[in-house]
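Here's the structure we're looking at; comments come further down.
Protein chains: 2
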Amino acid sequence: MSNVPSPLAEPSAPSFSPLYQQIKVLILRLLQAGEWKPGEPIPSESDLAARFGVSQGTMRKAIDELAAENLVVRRQGKGTFVATHAEHHMQYRFLKLVPDDGDVTAEGPAVRTIIECRRLRASADVARALTLRTGDTVVQVRRVLAYGGVPTILEDLWLPGNAFKGLTAERLEEWHGAMYALFETEFGVRMVRATERLRAVLPDAQQASLLAVDTSTPLLSVERVAFTYHDTPMELRRGLYRTDTHHYHNELG
Amino acid sequence: MSNVPSPLAEPSAPSFSPLYQQIKVLILRLLQAGEWKPGEPIPSESDLAARFGVSQGTMRKAIDELAAENLVVRRQGKGTFVATHAEHHMQYRFLKLVPDDGDVTAEGPAVRTIIECRRLRASADVARALTLRTGDTVVQVRRVLAYGGVPTILEDLWLPGNAFKGLTAERLEEWHGAMYALFETEFGVRMVRATERLRAVLPDAQQASLLAVDTSTPLLSVERVAFTYHDTPMELRRGLYRTDTHHYHNELG
DNA sequence: TAGTGGTCTAGACCACATA
DNA sequence: ATGTGGTCTAGACCACTAC
Chain A
1 MSNVPSPLAE PSAPSFSPLY QQIKVLILRL LQAGEWKPGE PIPSESDLAA
51 RFGVSQGTMR KAIDELAAEN LVVRRQGKGT FVATHAEHHM QYRFLKLVPD
101 DGDVTAEGPA VRTIIECRRL RASADVARAL TLRTGDTVVQ VRRVLAYGGV
151 PTILEDLWLP GNAFKGLTAE RLEEWHGAMY ALFETEFGVR MVRATERLRA
201 VLPDAQQASL LAVDTSTPLL SVERVAFTYH DTPMELRRGL YRTDTHHYHN
251 ELG
Chain B
1 MSNVPSPLAE PSAPSFSPLY QQIKVLILRL LQAGEWKPGE PIPSESDLAA
51 RFGVSQGTMR KAIDELAAEN LVVRRQGKGT FVATHAEHHM QYRFLKLVPD
101 DGDVTAEGPA VRTIIECRRL RASADVARAL TLRTGDTVVQ VRRVLAYGGV
151 PTILEDLWLP GNAFKGLTAE RLEEWHGAMY ALFETEFGVR MVRATERLRA
201 VLPDAQQASL LAVDTSTPLL SVERVAFTYH DTPMELRRGL YRTDTHHYHN
251 ELG
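Chains A and B are the protein sequences, given in the same order. FYI, full-length UniProt numbering numbers position 4 of the first sequence as 4, with every residue one higher than the one before it. FYI, full-length UniProt numbering numbers position 185 of the second sequence as 185, with every residue one higher than the one before it.
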């Protein structure tokens, strides 16, 4: 078989990218469209290869890349599954704050207190981060996370109002699990990637009070933008972390 | 050809790992032994495949993993090269502090001032981080990095005395390039991976003075352990970053 | 036993770099 | 023109999981 033209190239538009990458994009679209839900298996490599008219090796390379980006999870003997934040070891994969006493496999925060959850109009900077227009509706949530009774994280987060209709404080309080798991289960929004900007700051009086520290205690400021498929930003989150008993852990490759 | 037993399994020790991983380990040893120097090309895939008695596809998979770990760099049409910190875009790959005004492709710090460089006996915590014994000789370096005339980073670093004989303040001052590039060129020590612990702290009087801030300015504390091949720790570095005009940038996959 | 992903091979051709 | 890595294929067998 000759190769690149392939059964899926558009008639006129030149495609100039390897077959497996074209396939990968097609699968990405299916994932985004909800063809398979988080946690569910996708068809086997040979099924997909047949469906797209490529060899199993090519299909494998496409899926390998999706697995490398944490979009799917391969399990030998069982199949390939759509990744989900609901799985145990994925629960807090974006949370890099860990207790100083080792325990990298630690659990997430024990107590979560919702301070507020309301719909409002996006300020300029929130709108910019979410690629909305200033004044568009967003949902703002403020909460405190505590470890062993000690309030440790204060975070504010903003979500596009359209995608998160019906998100309320009650809904958040009932939910026992990671917030990102709630987002994918209840709102069909899967966060696949994020960027963070870290700074050292001093809290204002209200922030200090919520974290039970004084205003001269330096805190780690973590501003995160989380993205769903195709690099679409779906959450802006501003966290203040106490780093007296915990630290932010990072691996440099 | 039958497969796993392979031409390289030891006679009695069971090996139970895929051929390509065994090959990978062998190549790793050659890299560590200095068979090919940083920046130099390693033999072509087909040469290596012949040398180890495996197919080119298996060789490719072994090299793919080494490339994924930044130990080698593939360049189409040219060959595969031993990774080096000396290359332009690798100069500061462990430095995540970037100016607030975008410019992710920014240069490294413009001015570096060596405050001190001396040999001394390792304290308990330094020894632990470097897997030495308390009292073993280490080299300590303290320096300040400035961006646009503004002192922004104060860092102390400790290196095993044995591996870094002859490292002096003069040597560091003459060197125009990343410190890790000096380490590999002059001392044959290649840092391939690192972990960092971040905290928000207040500086003491001396630290504040060196960074031209007052002692109530919160700073980002970054404690890094850098590893060479086979997860051997070779550097402990404690940095204090000013985050008024810069921030620590992190990507979460 | 059957189905899945994981490994390994052998060979063809493409894209890129260099001489 | 030659040599490199990059892509694609086809087919074999292994390891794990489930029934």
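Ideal Cβ positions, reconstructed from N, Cα and C, are used throughout, including at glycine. Since the model is a prediction, treat every value here as computed from it, not as a measurement.
For the pair T58 (chain B) and E69 (chain B), the Cα-to-Cα distance works out to about 17 Å. The straight-line gap separating the alpha-carbon atoms of H176 (chain B) and A86 (chain B) is approximately 11 Å.
In the pairwise beta carbon analysis, the stretch 211-230 of chain B is classified as not touching the stretch 27-47 of chain A: fewer than three pairs are separated by under 8 Å.
G108 (chain B) sits away from A122 (chain B), with the two beta carbons spaced by 8 Å or more.
Residue-level contact by beta carbon fails for Y180 (chain B) and chain A, as no gap is shorter than 8 Å. Along the stretch 197-209 of chain A, going in chain order, the ones with a CB nearer than 7 Å to a CB of chain B are R197, L198, R199, A200, V201 and L202. Contact between the stretch 181-191 of chain A and the stretch 145-152 of chain A is absent: fewer than 3 CB-CB pairs across the two stretches fall below 8 Å.
Contacts with chain A (Cβ-Cβ distance below 9 Å) from the UniProt domain "HTH gntR-type" (17-85) of chain B involve A68, E69 and N70, listed in chain order. Between the C-alpha atoms of L28 (chain A) and Y229 (chain A) there is a straight-line separation of about 8 Å. Around the beta-carbon of T113 (chain B), fewer than 16 other beta-carbon atoms lie within 10 Å, marking it exposed.
Check the Cα spacing between E196 (chain B) and each of B:Y248, B:R133, B:A178 and B:I115: the tightest is with B:Y248. A straight line joining the alpha-carbon of V141 (chain B) with that of V201 (chain A) spans about 27 Å. Taking the Cα positions, L30 (chain A) is about 39 Å away from P99 (chain A). C-alpha of P18 (chain A) to C-alpha of S44 (chain A): approximately 21 Å in a straight line.
Runs of the beta strand (DSSP E) spanning 3 or more residues and lying entirely within the UniProt domain "HTH gntR-type" (17-85) of chain B occur at 72-75 and 79-82, in chain order. DSSP, reduced to helix, strand and coil, places E170 (chain A) within a helical segment of the structure shown. When B:A181, B:K24 and B:Q56 are compared, the shortest CA-CA separation from H88 (chain B) is found for B:A181. By the neighbour-count definition (other C-beta atoms within 10 Å, threshold 16), F164 (chain B) is a buried residue.
Within chain A, no residue has its beta carbon less than 8 Å from that of F183 (chain B); the closest one is some 15 Å off.
At a cut-off of 8 Å, the C-beta of A194 (chain B) has a neighbouring C-beta in chain A.
Under the DSSP assignment, L210 (chain B) falls outside any beta strand (DSSP E), being part of the alpha helix (DSSP H) whose first and last residues are A205 to L211. D204 (chain B) and V73 (chain B) have their C-alpha atoms roughly 42 Å apart. Chain-order list of chain A residues neighbouring G253 (chain B): E69, N70 and R193, by C-beta distance under 8 Å. With contacts defined as CB atoms closer than 8 Å, L120 (chain B) and P160 (chain B) fail to qualify as a contacting pair. Annotation: V144 (chain B) to A129 (chain B) spans about 22 Å, alpha carbon to alpha carbon.
Distance from the Cα of L236 (chain B) is smallest, within the candidate group B:T168, B:D64, B:R193 and B:Y92, for B:R193. Within chain B, the residues whose beta carbon sits less than 7 Å from that of P218 (chain A) are A200, V201, L202 and P218, listed in sequence order. Setting aside the 5 residues that flank it on each side, S216 (chain B) is surrounded in the same chain by L202, each with a C-beta closer than 7 Å to its C-beta; the list follows chain order. DSSP, reduced to helix, strand and coil, places E87 (chain B) outside both helices and strands of the structure shown, so it counts as coil.
Contact of T243 (chain A) with chain B by beta-carbon distance below 7 Å involves R199 and A200.
Per the DSSP secondary-structure output, A194 (chain B) pairs in a beta bridge with A:L252 and B:A226.
In the DSSP assignment, L182 (chain A) falls within the unbroken alpha helix (DSSP H) covering M179 to F187.
Per DSSP, the unbroken beta strand (DSSP E) holding D156 (chain A) starts and ends at V150 to P160.
No Cβ-Cβ contact shorter than 8 Å links L211 (chain B) with L167 (chain B).
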